[in-house]
Every structure is written in structure tokens, then in C-alpha cells.
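Numbering (the working numbering), first residue to last: 1329 to 2167. Quick reminder that beta carbons are idealized off the backbone N, C-alpha and C, glycines included. Everything numeric in this text was worked out from a predicted model, so none of it was measured. This report refers to the structure that appears directly beneath it.
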């Protein structure tokens, strides 16, 4: 059937429009309804139209609306009829507003986007009239088309409030349309295959895509791309994609659409699948474009491109030699050059006043070297986008620790300040036991070089009870020099730095190593830039020897690569996944784990040591974002302790189960990681330590023993500052900072709104600084049982916090098995977000 619209155009009859109109009438008066009843009434309207249908005299929209009214009256929905009449009047008013827009906008497609708002958003909150008045207030004479589009985007963005948060989605639609117009102006190719050819010729796409995908395969994948998924993106999402992630021409014009970006990443990550690459490309695209998984910033940026460094972060163990220290700084420079962040463990480097070649008191100590690290971070910026990022770890018993704790504070020697690197302290649990039970006790700090020379071992190579035994052995050895401060004075230095700078990050070394599933192959000394990666570490060693050649003696230097840790990250977006649907959860996790495992084989490694370590352990870091978002969707607040803790335990056990199962399935297909034999995975201790004893865990434990495991490390919860904005969710596992605020950037207003904010969720969302921080510690402890690596977790404090309150949080963290604490964020303290780990 055809119908005639008000403007005289003839269009197909659409039953769905009648269904939507009736539903909106019910919803507007908060009247419950059954979908079947609504559909029945709509079908009655359709039947009446069919009965009287005359192709020579087509029914009009007004006649159909009259029939809807009569049908509602027949079903005795008198109150709904009144609402429907109001709905018709509102539509009539909206049509007049659209006529007003026509004075400025001649683009019919853009006008249709405005008209469609009436169907997709609540007209009482999202009035087209309000948009028009805001838009008109910004208008100037003789504006260009692109200026008009920008003003429309700005108008919708500035209408965003906590009462009407979905204006950010409306602004996103206009932004996406503006993006489309700009892309067409630059490149107007006919299909995705031609687009990839064009981008490859311009050296913006890697040649490997066309070398591995045939034209018909790319055209099949193009059919899967769903432009409607752009509607999941907010204004902030598209703004961030446009500024950082979408491919641009060499003269900085955007060439790539969001869905093309998601498919390009998916095609790249599916390459190792050979025969099944189309299947996995479709699956990876599905979870990325539906915003159920986000990949780390380097992966999103560099996948599909000629230069494909896909890893976020690297960790190096700095040896106590001149060559070794300079090599580690050189490693940092190379990592930074390619956009990665770095964690450097300096615990093996001799302290200030140590000896060099037997000469007493001549060593400059760790702090002098950190000046070089700091200057490298500034000098070797990440492709001009931002300066290098590096966290430096030092043990709590290292002689240089007091000066280390003052690197970023307002006191101390300014000549030794290092404001561009991030200090982190590796704590044994003994320190916090003393802080709790005997805070006036002495704390002893040693020179690691002296201990190695006089005791024949390195104190940092032990943990737990064995470390404590060695520590007191050194304390009781009068031949070993030491630096002594009370635990209380040490705590004061630490907390002064925390409150002034948000650092040092905390690394709980005993908890980490006790739960290390690969302790049979090494030791974990520290973490990465964002405190969530925890894998075996060892220094790189150089071995030089003289050989004879025809031209005389030649010095050959060989490198023993050690364990140079690499982080490959992605995050499940908990707020966008149906966590009660086991099939969906397994599908999303299996897809994410497959993609991450493939990153290992696809990655461009800035250093050969990184590739060797990555191949040995095949470590990945599957994390989560949208944690607070998911809590709110469950219907309870962050501080509802009983419900919160139950949620944390059940959901993260479920994630861990499916992540391990997925890795096992890949191992069955492609083989285990090199060091699987004798690991806690293989001998079952991993499962026993976590009390995984029910039937399904027992079955998985047996399967892992039989078929192996593809990845030596699997889960790590990274911060997700930028990628959580793209996914329209809350960052990582942190509570939300604010429900709503407007951020001004370069003259434009960017709305930041809590996900799914409405009258029901508004009071469930609590601001991070209002929450009892012990809840954060306890929830992190519960989740930690299910996370084989770490979690990037922040603490939020106010000016009312005392030293004792902050200390108690760290004591509790140590006791509950936490592995790290990231920043301590005061209300007025701004800290630098980690973008390289954002996933």
C-alpha cells in the first residue's frame, strides 16, 4: 500500500510507525502496555486502511492518524487518546520548526536527521524547538554549509544536561553526518575494497591487508558493516575517534569512517587465522562495533596501518652496570619513539655512596640516573603527540628511597627533580604489618650491590617468608651498612608524596609473586606504567668475546635477552554486555582472547627482546571497563556493599572462567605457550590457590592439563581513560568522578555524562570522592582472586583524610591480597591519565 504525506509525496505504508506512535502515547502517561496489544491495535488500523484502499485516492497521514484515535477509543483507552492528540499536535508544531530550519539548511538529508529525532527521542525532553532556538542563537549571515553543520553540533552538545543527557547522542548524529560530508569531499570511492586500495596506494593502509584478503572477501565483509552502529557513539565518542584514531590523509583530512575503522582493525587481527580469517574478522568487528570490547590505544591506532606497533606497555629490569643502565634508557627511548609506555625496575642499581670497583663512597645512586630517564621522556616524544611516559620502581628497602620519594614533591633539591616520570614503590608485606602493629619500629634500607657482594645473594630475588628471613639476616649482619628510619617517618614521606603528587604507585610484591602462575620460571619485581601488568622479569645481559678472523681479532657481543615484558591489552565493556547471558559473555570473551593472542604474532616490536619474551609466554591482558556502569545497571550503588561484593565475585569469576577456557581452546588448536610445563596452570595449583573446586572448574582444570594453555598470563585490568569515552561507559573499575560536567576544549563544549543517566540511576551514581575508599579496596581484593595479573585501581581522597586513614587503606590492601594501587587522587589534584594503556 501507498500513502500520501503532507508534502504530497507518495511513500510505502509503514506499520512500525503506527506502533511507535501508540507506544509513545502510552509511555507519555506512564501507562503499562503489552507489545502484543499495541501490535493488535496497529493491525486493526492497517485492516481498516486496506478495506477502504483506493489507489486512485491514496489515504493521507491525517486520515491514518484519525483511524488510530478511533481504534484507541474502541479499546477504551480514553486517557491514551488524549495523549495521542497531544502527540499529533506536537508533531504538527515540530513540522513548523523544521520549516524554520529550512531557512538555514538546504541539505535534505540533514533535515531528515532532525525529523527523525521525533521518533527516536522523548519529545518532552528533547524538543526540536529547543534545538532550533539554540541553533538560531549561534547563526551569522552568509554561513558556509560546514559552518552550519558545526553550529548544529554545538547547539545539541550545549543542550546536554543531567536532566536531558541524550542530547550528546543527538550531537553525535550531527557530528557523524558532518564527518561523512568531509570524507566524501576528500574521497568518494564506490566501495570498501576500492577504499582500501586507495589507502594502500597512499601508504596509509598496510599492504598486508590486500595481500591476504581477496576482493570478494572484502566485499563480503563490507556487507557485515552496520552504519546504524554509529548511533551507539556519543558526541564525545566521535570527537575522540576523529581527533585520534580515524585515518587521515597526509594533509590531515579524515578519510575513514568509524565502521571502516572497526572492520580494518578486525581484518588485521584476524590475519593469523588463515582459513577462518573471515569468520574471526566478522566476530572481532561485531564485538568492537557494538562497543562490547575496546582495544588498547596503540592497537586502535596502528592496526591496519603500515607501521603496526600494537602493544601498550613494556617493562625492563635495569641491571647494575654502566652498559646495562644506558641500554635500558636506550630501550625506553625506542619504546617511546613507537608510542609505548615503560616500566623500569631500578631495584638492582647500587645506591648513592656505594663502591665502584672497590672505591668506597663514589657511586652516584639511582636518583642521578633518573634525571637521564626523565630527560629521555621529554626528548623522545611519541610522534609529536605527547611526551614519553615512564614509571620507575624502587624497593622499599633500597637506600635511595627517601630521596626517591621526594622526586616530585615541593621540597628537596630542585636540581634532582624528575617531574616527567612516575615513581612507584615495591613493598613487602612486612612494611605494612609493622605500620599496623609497631609503627615506631626501625625500617632498614640497604645497598643492593653491597648485599650481593657480602651475602652472595640479591635480596630482591626473594619474596614472602624467605624474603623476611634474608632481610633480617642482613639487619643482623653488622658488616652491612644500612640506613635506618622509623616506619612512621617512612610513612610520612610516602603520604606526603601521595597527597602532593598522587604518587608513588604501590606494588605489593609478596602478593604478586605468591599468585604468579609462572613462578617456576622467574620472579616479578615490578609492574608497568599503569600498574596492572605483572609478569616474570629478568635483566638483559651482554656477553663479549674475542674471535679471530682473516683481518685479525674481532670483538663479538652476544645478548642474552632476559625477560623484557610486553603488554597486549583489550577490555570487556561490562556496561554494554548482557552479563546474565552466558552465551553472550562466552562469545565476547572468546573473540577478545582470540584477537589478543593474534596481536602477539602480528605485532611490530620496537626491540627484539620484547618479541622473544612475548613469544615465550604469549602473555595477554584481558581487562574490563564500565564496572561502575554495570553496577548501576544491576540496580545498586557502588556503596551497597553486600550486592557490590557479590557482583564483583560472580562476574569476575565468570570472566576468568571463560577467558581460561578460550585460551585452552586455542592451545588445543595451535599449541601451548613455551613455559606451560610445570607452571601452576599445568600442575593445577593455579586453581587450588583460588579455591576453584566446583564441577565446571574441575573439568576446566583437567582440560588445561590435557590440552595446555595458549597464554601464560591472561587477565589484567588496565585504565581505560580514552577508550571508555568511545564506548560511552565508565573507566576501568573506578567509580565515576562526576555524574555530569561540561568540559571546554579549544572553544567548544564537550559534555561528559554518566552512562544511562536518568531519574532512576541519578541517585545510584555516587561521585568517587564521596565513597568510602575501603569499599574500593575490599571490592578490588574480591576481584583479585580471579585476575592472574593486576588491576589499575585509584583511590579518591579529600582534604579531610588524615595520614592514619590513608595508611589504613594501604594496610588493608596489603592484607586483602591487592597487587597494586595506581594514583591517589585528591579533589584538587590533577594527575596525568595513561593513554598508552587505555583499552
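Cβ-Cβ separation, residue 1412 to residue 1389 (assumed contact under 8 Å), whole Å: With a Cβ gap of about 14 Å, residue 1389 and residue 1412 do not count as contacting.
Taking the alpha carbon of residue 2119 as the point to measure from, which residue in 1804, 1856, 1890, 2050 has its own alpha carbon closest? Ranking the options by Cα distance to residue 2119, first place goes to 1856.
One question on the structure: do residue 1821 and residue 1733 come within less than 8 Å of each other, judged by their Cβ atoms? Judged by their CB atoms, residue 1821 and residue 1733 are nearer to each other than the 8 Å cut-off.
Distance CB(residue 1949)-CB(residue 1897) smaller than 8 Å: Their beta carbons are under 8 Å apart, which means residue 1949 touches residue 1897 by this criterion.
Go ahead and pull the three-state DSSP assignment for residue 1569. In the displayed model, residue 1569 falls within a helix according to three-state DSSP.
Checking the sheet assignment: what are the DSSP bridge partners for residue 1897? According to the DSSP secondary-structure assignment, residue 1897 is paired through a beta bridge with 1949.
Nearest-angstrom Cα distance between residue 2056 and residue 1788? Approximately 42 Å, taken between the alpha carbons.
Following the continuous alpha helix (DSSP H) through residue 1977, name the residue where it begins and the one where it ends. Looking at the DSSP string, the run of the alpha helix (DSSP H) that includes residue 1977 is 1969 to 1998.
If you reduce the DSSP assignment to three classes, tell me which class residue 1671 lands in. Judged by DSSP in its simplified three-state form, residue 1671 adopts strand.
Mind checking whether residue 1675 and residue 1853 have CB atoms under 8 Å apart? Against a cut-off of 8 Å, the Cβ pair of residue 1853 and residue 1675 comes out as a contact.
Can you grab the Cα-Cα spacing for the pair residue 1511 / residue 1479, in whole Å? Whole-angstrom Cα-Cα distance: 19 Å.
Who are the Cβ neighbours of residue 1763 in its own chain at under 7 Å, not counting the five residues just before and after it? Only 1815, 1819, 2135, 2139 meet the Cβ criterion.
Between the C-alpha atoms of residue 1577 and residue 1583, what's the straight-line distance to the nearest angstrom? Going from the Cα of residue 1577 to the Cα of residue 1583 covers about 7 Å.
Minimum length 4: unbroken alpha helix (DSSP H) runs contained in the segment 1826 to 1914: Note on the segment 1826 to 1914: whole alpha helix (DSSP H) runs with a minimum of 4 residues are 1837 to 1842, in chain order.
Please say whether residue 1500 and residue 1561 have beta carbons closer to each other than 8 Å? Less than 8 Å divides the Cβ of residue 1561 from the Cβ of residue 1500.
The alpha helix (DSSP H) that contains residue 1695, what's its start and end? Taken as a continuous stretch (DSSP letters only), the alpha helix (DSSP H) holding residue 1695 covers 1694 to 1707.
Would DSSP call residue 1490 helix, strand or coil? If DSSP states are grouped into helix, strand and coil, residue 1490 belongs with coil.
CA-to-CA distance, residue 1598 to residue 1833, given in whole angstroms: So the alpha carbons of these two residues sit roughly 36 Å apart.
Would you check if the distance between the CB atom of residue 2089 and the CB atom of residue 1960 is smaller than 8 Å? Judged by beta-carbon spacing, residue 1960 lies within the 8 Å limit of residue 2089, meaning their Cβ atoms are closer than that value.
From which residue to which residue does the alpha helix (DSSP H) around residue 1759 run? For residue 1759, the enclosing alpha helix (DSSP H) begins and ends at 1757 to 1765.
Do you know whose CA, among 1791, 1803, 1766, 1769, lies nearest residue 1782's CA? Nearest option by C-alpha distance: 1803.
Neighbourhood of residue 1976 by C-beta distance below 6 Å, restricted to the same chain and skipping five residues each side: 2107, 2110, 2111, listed in sequence order.
Is the separation between the beta-carbon of residue 1903 and that of residue 2058 shorter than 8 Å? Closer than 8 Å, so yes.
Comparing alpha-carbon positions, which option in 1658, 1595, 1914 lies nearest residue 1985? Selected option, being the one with the closest Cα: 1914.
Assuming residue 1332 contacts residue 1386 (C-beta within less than 8 Å), just tell me the rounded distance between them. Correct: roughly 4 Å between the Cβ atoms.
From residue 1997 to residue 1945, what does the alpha carbon distance come to, in whole angstroms? Their backbone Cα atoms lie some 17 Å apart in a straight line.
Can you tell which of 1505, 1491, 1791 has its C-alpha closest to the C-alpha of residue 1481? Nearest of 1505, 1491, 1791 to residue 1481, Cα basis: 1505.
Helix, strand or coil: which one does DSSP assign to residue 2079? Looking at residue 2079 - three-state DSSP - the assignment turns out to be strand.
Contacts around residue 1514, its chain only, beta-carbon distance under 8 Å, and the 5 residues preceding and following it disregarded: Around residue 1514: 1577, 1581, 1582, 1583.
Does the distance from the CB of residue 2007 to the CB of residue 1845 come in under 8 Å? It is a contact, given that the beta carbons lie within the stated cut-off.
In terms of residue numbering, what span does the beta strand (DSSP E) encompassing residue 1719 cover? Run containing residue 1719: 1718 to 1723, per the beta strand (DSSP E) assignment.
So if DSSP puts residue 1771 in a beta bridge, which residue, or which two residues, is it bridged to? According to DSSP, residue 1771 bridges with 1813.
State buried or exposed for residue 1663, treating a residue as buried only when at least 16 other CB atoms are found within 10 Å of its CB. Buried: at least 16 other Cβ atoms inside 10 Å.
Entirely enclosed alpha helix (DSSP H) segments - the segment 1608 to 1674, minimum 4 residues: Look at the segment 1608 to 1674 and you find these whole runs of alpha helix (DSSP H), each 4 residues long or longer: 1625 to 1630, 1650 to 1665.
Classify residue 1378 as helix, strand or coil using the three-state DSSP reduction. Residue state, collapsed to three classes: helix.
Pick from 1497, 1533, 1525, 1575 that is closest to residue 1563, judged by C-alpha positions: Nearest of 1497, 1533, 1525, 1575 to residue 1563, Cα basis: 1497.
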